[in-house]
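Heads up: the structure comes next, in structure tokens.
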Amino acid sequence: MKTALATVTLSGTLREKFEAAAKAGFQGVEIFENDLTQFDGSPKDVRRMAQDLGLEIIALQPFRDMEGMPEPMRSQKAKMLQHKIDVAHELGTNRLLFCSNVQPYSSADRDVCAADLFALAEIAKKEGIMLGYEALAWGYHIADYHQAWDLVKRVDHPNLGIILDTFHMFSRGNTLDVLRDDIPLNKIALVQVADAPSLQMDVLQYSRHFRCFPGQGDMPVVEFLQVLKDKGFDDYLSHEIFNDEFRSSSPLEKAIDGMRSLIWLDDQTVSKREEKTAPIVAPQVSDVEFIEFAIEGESGEALTNTLAQLGFHETHKHRSKNVSLMRQGNINLILNREPKSQAHEHFQKHGVSVCAMAFASENVKATLSLAERYRVERFDNQAGPGELNIPALRGIGDSLVYLVSADAAVRFFEVDFKPIQGIQGETGVGLTRFDHIGQTVSNTDFLSATFFYKSLFGFDIDASQDLPDIHGLVVSRTALSKDKRVRIPLNMTNARGASAQRFIQKSKGSGVHQIAFACEDVFAAAKNIDSEKQLPIPQNYYRDIEARFGLSPDLIKKLQSHNIMYDKNDEGEFFHFYTEEVHGVFFEVVQRVGGYSRYGEANAFVRLASQARQEKK
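If you're matching positions, the sequence shown starts at 588 in the working numbering and goes up one per residue.
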């Protein structure tokens, strides 16, 4: 598979875009004409720059409103094409791309349009240029790719082919039938792959602001590529992404994201040319093995006090480092005070914070191999003599993700830690395991974060939800392991005053802001929590749920006395309460009854408002 991207996908100057594409491993670039027009140098300079970086310029684009125009515009378009062909020669590319006409005064007559395109293709033929024609989803007469194919087929010229753009195809609800049954390989001028979340809105605005890399949205891009591979396609796959966040992000980071998405897309499909007989599947994650906090001295005292009221005790000390372990049920919380460690570096930048978490993987070696393939950076952990050298990857923000074997004969703490005498009999308050772990990310990292879990760990990604904060909307998507035992809600906002942005400001970057523990009896778990450490829930909330769910006065009283919230659906019931925020992190205790699998989202706006009030105190 050959990989390319259109320069419009990335932020920065043309040189910065080229350098980012080359470092990420792309082989080619499409030059968006705006990038060339504003470049302070000749097309030959651009060609040399690309060659020096090992990049092929695969196309110059886009040209607009080329077919069905009245005179004298028709003649002017032909003259313009000749000028652009001269530029293409200087750039060293033999492909020019143009879009279906969007002008209301253009001709709807297919024969007229075909004659125009034939004349342009004849000009291209003399110059050794291939023209690509693309159906814009908002084209005035031609908006679907099967209409574009009908026109290209009418023209029947060797120097005119169709451009297949997944965004324009799927935003219009097109099927793959025409591609599968009618379009031959030699008439495909270029393939551009883009994804997008499922949204109902004006298609032009949708296109200009919400495209994303394959696998980051909801479009059937995997099925698309499989159809192409079944036909024997082996030309470039190119990104053409219009996205506000991409254009305000590091070009290298987004280029790496784009390369990861193309490798992942290739891995989900097979072809007769490949040795693999099935898509590459990420090894499953079965649980969260531990969460690690970076603290120093007494700086984490408020954190440990809150955890103590949730029934946690320091049960183990590390054999050689200033690291301790708090346990309850199958929950492991590491407190890392070691001065020469990644945790210390994390503390220096973010203060008391979650610096790492560990997944129990069914195949650690295969996950590490996949991480290398997807350009995920390894972290070299420094283990002492006789200690476990747990492999780690760079995760969201500055945090790490450790990988332990799900079927290991011994747990990590049985090797690296020594039990603290005298407290082994402590049982806590009935917390059993990690239920979910909330991470707040910047708007520029939101898509990257969800795709990190999807590509590397095979997590499913829930549809996004809008959570109303009193200072603006918070957008949330949850990454879930296949068996739903590991749940990671990811939250972001564009509103400066909303909770997600406040967490980022406090923690100085993306990271874990919420840790939810499962329990068997939420009322027993709540008894130990001092009232000042509970997140207070307003009385109006309890009057509301009493009316909505028909709850008994006795149950309402019990809920209210411990600031416990409630939800119910066809699957079952959900009880949960929150602690106050401590160093940018808050804790939640949840009890699921029956098959309830959600997160009490209906209560989120109340929780967010209560946290905002606490912030002002």
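Built from N, CA and C at the ideal position, the CB exists for glycine as well.
Assign residue i to one of three DSSP states: helix, strand, or coil.
i, result
"ARG914", "strand"
"LYS816", "helix"
"LYS713", "helix"
"ILE1007", "coil"
"LEU704", "helix"
"GLU843", "The sequence shown places Ile at residue 843, rather than the Glu named in the question. ILE843 falls in the helix class under three-state DSSP."
"SER907", "coil"
"HIS1058", "coil"
"MET653", "coil"
"TYR1186", "coil"
"MET788", "coil"
"THR1166", "strand"
"VAL1002", "helix"
"LEU922", "strand"
"VAL872", "strand"
"GLY1012", "Residue placement at GLY1012 is poorly supported in this model, since its pLDDT is 48, which falls under 50; the coordinates are not used for a value here."
"LYS671", "helix"
"ARG860", "coil"
"TYR732", "helix"
"ARG1179", "strand"
"THR624", "helix"
Less than 9 Å between the C-beta atoms of residue i and residue j, yes or no?
i, j, result
"ILE983", "GLY1098", "yes"
"ASP652", "SER693", "yes"
"LEU912", "ILE878", "no"
"LEU897", "ALA1112", "yes"
"PHE757", "SER794", "no"
"THR1019", "GLU1158", "no"
"LYS604", "THR594", "yes"
"LYS712", "ASN681", "no"
"SER1042", "SER873", "no"
"VAL809", "PRO801", "yes"
"GLN1052", "GLU1188", "yes"
"THR891", "GLU901", "yes"
"HIS937", "SER1035", "no"
"ARG1089", "GLU959", "no"
"ASP698", "ARG741", "yes"
"MET667", "THR753", "no"
Could you please give me the residues that DSSP links to residue i through a beta bridge?
i, result
"ASP752", "GLN779"
"LEU987", "ALA943 and ARG981"
"PHE619", "GLN648"
"VAL1099", "GLN1026"
"PHE797", "ASN830"
"ARG965", "LEU980"
"HIS900", "ARG914"
"THR596", "Paired residue(s): none; THR596 is not in a bridge."
"ALA1105", "ARG1020 and VAL1177"
Taking buried to mean at least 16 other C-beta atoms within 10 Å of its own C-beta, is residue i buried or exposed?
i, result
"TYR1129", "buried"
"VAL1002", "exposed"
"TYR1186", "buried"
"THR856", "buried"
"PRO1123", "exposed"
"ARG1200", "exposed"
"GLY1012", "Here GLY1012 scores only 48 on pLDDT, less than 50, and its place in the model is too uncertain to base an answer on."
"SER662", "exposed"
"THR624", "exposed"
"LEU592", "buried"
"LEU791", "exposed"
"MET944", "buried"
Enumerate in chain order the residues of its own chain whose CB-to-CB distance from residue i is below 6 Å, with the five nearest sequence positions on each side excluded.
i, result
"HIS1058", "ALA1082, GLY1084 and ALA1085"
"VAL778", "LEU751 and LEU824"
"ALA1103", "ASP1022, HIS1023, GLU1175 and VAL1177"
"PRO926", "none"
"PRO870", "SER948, GLU949, ASN950, ALA953 and THR954"
"CYS686", "PRO649, ARG651, GLU721 and LEU723"
"THR596", "HIS826 and ILE828"
Considering only residues of the same chain and omitting the five flanking positions on each side of residue i, which have a CB-CB separation below 7 Å?
i, result
"LYS664", "MET653 and MET656"
"GLY819", "LEU772"
"LYS1120", "THR893, GLN896, THR1166 and GLU1167"
"THR1031", "GLU832, SER835 and SER836"
"TRP851", "GLY802, TYR961 and SER1042"
"LEU812", "LEU852 and THR856"
"LEU707", "MET653, ALA665, LEU668 and LEU718"
"TRP736", "ILE749, VAL765, ASP769 and ILE770"
Spatial neighbours of residue i within its chain, please: CB distance less than 8 Å, with the 5 preceding and 5 following residues excluded, ordered by chain position.
i, result
"VAL616", "ALA591, LEU592, ALA593, THR594, LYS604, PHE605, ALA608, ALA637, LEU642, GLU643, ILE644 and ILE645"
Flag residue i as yes when its Cβ comes closer than 8 Å to any non-hydrogen atom of the ligand NAP, and as no otherwise.
i, result
"HIS1058", "Absence of the ligand NAP from the depicted structure is noted, as is the absence of any ligand whatsoever, leaving it without description."
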